[in-house]
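Participant: Take this structure first; my questions come after.
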Amino acid sequence: MARWLGICACLMFFVPELTGGWASAVAASVEKPNVVFILADDLGWRDIGIYGSTFHRTPNIDRLAGRGVRFVNAYAANPLCSPTRASILTGLYPGRIGITTPSCHLPEERLEMTVPDRAPPHAKVIGPQSATRLQTRFPTLVKSLKEAGYVTGHFGKWHLGREPYSARDHGFDVDVPHYPGPGPAGSYLGPWKFPPALGFTGAKDEHIEDRMAREAIRFIRENKNRPFYLNYWAFSVHAPWDAKKDLVEKYRAKVDPNGRQRSPVYAAMVHSLDDAVGRIVQTLEELKIADRTIIVFFSDNGGVHWLDGRMRESFGLDSPPTSNWPLRGGKATLYEGGTRVPCVVVWPGRTAPGSVSHAMLSSVDFYPTILEMVGLERAEGQTFDGVSQVPALVGEGSPREIVYCYFPHYTPATGNIPGVWVRRGDWKLIRFFGDSADRSDRFELYNLSDDIGEAKNLATEMPERVEQMNRLISEHLAAIKAPIPPANPQYSPTAIPPS
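Read in order, the letters of the sequence shown correspond to residues 5 to 503 in my numbering.
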């Protein structure tokens with residue numbers, strides 16, 4: 005690279021007529037804004053200070069919100085990680101892509117969603133099987149930016165498939181640690197247990213986010229003079245639940261036994277995530293490129309709100325990792341705690357510092373939004389389920405009135421029943437497939453403006469609204485070609501579901 009730049013410099017010196025055009029091209033490339041996309045894993049809506057946590061300390065994320073706009077009605081497209089990640093990259097709903105569960109680390113290569121012939125006898129419906137890889141045939145945000153001259157780097161969790169579906173196969177120039185798994189290998193603290201072929205090892209007690217931040221910062225420094233797209237997709241705060249011992253003890257001393265959030269281990273994990281965010285932002289400032297860098301902070305789904313025997317025995321937890329209150333539920337549920345997540349966007353010179361947006365946003369919106377922010381057009385014939393959120397970013401209103409979430413799976417840990425929801429304005433309707441006594445669909449209707457905790461089901465009181473919103477759901481499922489779980493012929497009402 006250095007040799008090439010030297011040749012170009014010689015051409016500029018000896019061929020004056022080329023200098024103006026070449027220099028203009030370089031200037032234009034430098035003027036393209038950088039994009040840093042920070043994605044937390046399993047971080048709940050109330051897990052950071054600016055969203056209301058009084059137990060977790062997140063000064064760096066809070067300061068980031070002070071530089072841009074904070075969304076309070078932002079949604080992951082799915083209450084689990086891989087589907088949301090796919091939606092960010094493609095601008096498409098998970099049901100259209102075929103990835104609706106976090107199964108992309110499995111050995112089986114399944115490229116399409118399928119519906120099995122049978123299900124366990126406790127299940128009223130047969131849930132579909134998710135695809136296990138993000139197909140490279142899909143246009144993606146990284147490919148669009150790469151074609152426009154961006155250098156691209158992915159750091160942290162991928163979880164959308166191993167070769168030939170890895171981050172590199174999807175257009176990233178750099179991918180560290182180039183690992184297809186669902187979380188950090190073995191532990192957050194080194195030495196880690198990544199496959200030896202990756203050559204990615206850590207010193208004893210080295211924290212994975214400290215290492216990931218250093219790797220991301222190296223990428224930023226090496227590419228400070230050219231436009232770059234950086235995915236910092238953190239491993240934190242997904243299982244396994246472990247953290248720096250000094251931080252655990254720090255938060256243990258702060259625990260309020262009556263507090264809703266009271267896990268010192270989880271608080272320490274959030275702390276390390278916040279430290280990594282701070283280091284990345286500080287590097288942008290030190291290099292004097294923060295004023296031409298767009299920063300997105302988001303989470304792939306809601307926080308883990310339950311506690312089971314494995315979490316007690318293997319990780320020593322004595323309380324759930326977090327609480328998403330006042331939201332109901334959390335990760336792997338169709339309630340607000342499963343998909344309403346923190347979201348901050350910093351667009352220097354365009355977003356009002358410290359502003360708050362009540363506009364609805366879905367993770368499918370990031371692709372078209374970032375394209376518009378950096379001045380690019382979508383490819384000819386390309387369609388999105390997402391919409392550009394630029395109007396919301398600059399305080400000119402909400403570009404979308406409706407958001408959907410399709411999650412057709414039983415989840416024993418949370419008690420989730422296969423279903424789909426639509427939010428239109430303040431109203432949210434959940435359709436649970438085949439869950440009534442007669443095995444017809446069951447509905448729950450909530451007015452989120454005065455019932456954010458989804459405590460009062462208004463479905464029986466407002467049948468006309470249920471019918472109208474259910475029509476929207478049916479149209480949506482047909483549009484994205486998502487399978488509706490059929491009745492399970494092996495269903496037995498006396499069968500006991502797995503614990």
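Using N, Cα and C, we set each Cβ at its ideal position, and we do this for glycine too.
(1) Taking the continuous alpha helix (DSSP H) assigned at glycine 342, which residues delimit it?
(2) Have a look at the DSSP bridge pairing and note the partners of arginine 446.
(3) Which partner residues does methionine 364 have in the DSSP bridge list?
(4) Return the CA-CA distance between glutamate 471 and lysine 432, expressed in angstroms with no decimal places.
(5) For serine 91, does the three-state DSSP call read helix, strand or coil?
(6) Valine 146: which of Phe41, Pro132, Ile101 sits nearest, CA to CA?
(7) Closest to glutamine 286 by CA distance: which of Met117, Pro188, Arg225, Leu321 is it?
(8) Count Cβ pairs between the region 244-259 and the region 272-286 that sit closer than 8 angstroms; are there 3 or more?
(9) Please report the distance separating the alpha-carbon of isoleucine 484 from that of isoleucine 477.
(10) Does the ligand GDP have a heavy atom nearer than 8 angstroms to the CB of glutamate 465?
(11) In whole angstroms, give me the CA-to-CA distance for glutamate 448 and asparagine 305.
(12) Going by beta carbon distance, what residues of the same chain come within less than 8 angstroms of phenylalanine 232, once the five residues before and after it are set aside?
(13) Between the alpha carbons of proline 502 and threonine 415, how many angstroms are there, rounded?
(14) Following the continuous beta strand (DSSP E) through histidine 158, name the residue where it begins and the one where it ends.
(15) If you reduce the DSSP assignment to three classes, tell me which class isoleucine 421 lands in.
(16) At a Cβ threshold of 9 angstroms, is arginine 230 touching chain C?
(17) Tell me which same chain residues have a C-beta within less than 8 angstroms of the C-beta of serine 33, skipping the five on either side of it?
(18) List in chain order: all unbroken alpha helix (DSSP H) runs of 4+ residues lying wholly within the region 251-324.
(19) What's the C-alpha gap between glycine 48 and alanine 81?
(20) Below 8 angstroms, can you find three or more Cβ-Cβ pairs linking the region 394-412 to the region 453-467?
(21) Measuring alpha carbon to alpha carbon, tell me which of Gly131, His242, Ser91, Ala482 ends up nearest asparagine 420.
(22) In terms of alpha-carbon separation, which member of Asp442, Arg475, Pro412 lies closest to threonine 118?
(23) Do tryptophan 237 and lysine 335 come within 9 angstroms of each other at the CB atom, strictly closer than that value?
Facilitator: To lay it out plainly:
(1) For glycine 342, the enclosing alpha helix (DSSP H) stretches over residues 340-343.
(2) Arginine 446 is bridged to Phe436.
(3) Note: methionine 364 sits in a beta bridge opposite Asn77.
(4) Glutamate 471 and lysine 432 have their C-alpha atoms some 12 angstroms from each other.
(5) Serine 91 falls in the helix class under three-state DSSP.
(6) The candidate whose alpha carbon is nearest that of valine 146 is Phe41.
(7) The candidate whose alpha carbon is nearest that of glutamine 286 is Arg225.
(8) Under the Cβ criterion (8 angstroms, minimum of three pairs), the region 244-259 counts as touching the region 272-286.
(9) Their Cα atoms are separated by approximately 11 angstroms.
(10) The ligand content of the structure shown is nil, which means the ligand GDP is not present either.
(11) A straight line joining the alpha-carbon of glutamate 448 with that of asparagine 305 spans about 21 angstroms.
(12) Hits under 8 angstroms: Asn38, Val39, Tyr154, Val155, Thr156, Gly157, Phe223, Ile224.
(13) About 10 angstroms.
(14) Where histidine 158 is concerned, the enclosing beta strand (DSSP E) starts and stops at 155-160.
(15) Looking at isoleucine 421 - three-state DSSP - the assignment turns out to be coil, as it is neither helix nor strand.
(16) Among the protein chains of the structure shown there is no chain C, as only one such chain exists.
(17) Below a pLDDT of 50, predicted positions are generally treated as unreliable, and serine 33, at 46, falls in that range; the measurement from the model is reported next regardless. Excluding residues within five positions, the ones whose Cβ falls inside 8 angstroms are Gly153, Arg230, Pro231.
(18) Fully contained in the region 251-324 are the following alpha helix (DSSP H) runs of length 4 or more, in chain order: 268-290, 313-319.
(19) Spanning the two alpha carbons is a distance of roughly 14 angstroms.
(20) Of all C-beta pairs linking the region 394-412 to the region 453-467, fewer than three are shorter than 8 angstroms, placing the two stretches out of contact.
(21) It is Gly131 whose Cα lies nearest to the Cα of asparagine 420.
(22) With respect to the C-alpha of threonine 118, the residue from Asp442, Arg475, Pro412 having the closest C-alpha is Pro412.
(23) Tryptophan 237 sits away from lysine 335, with the two beta carbons spaced by 9 angstroms or more.
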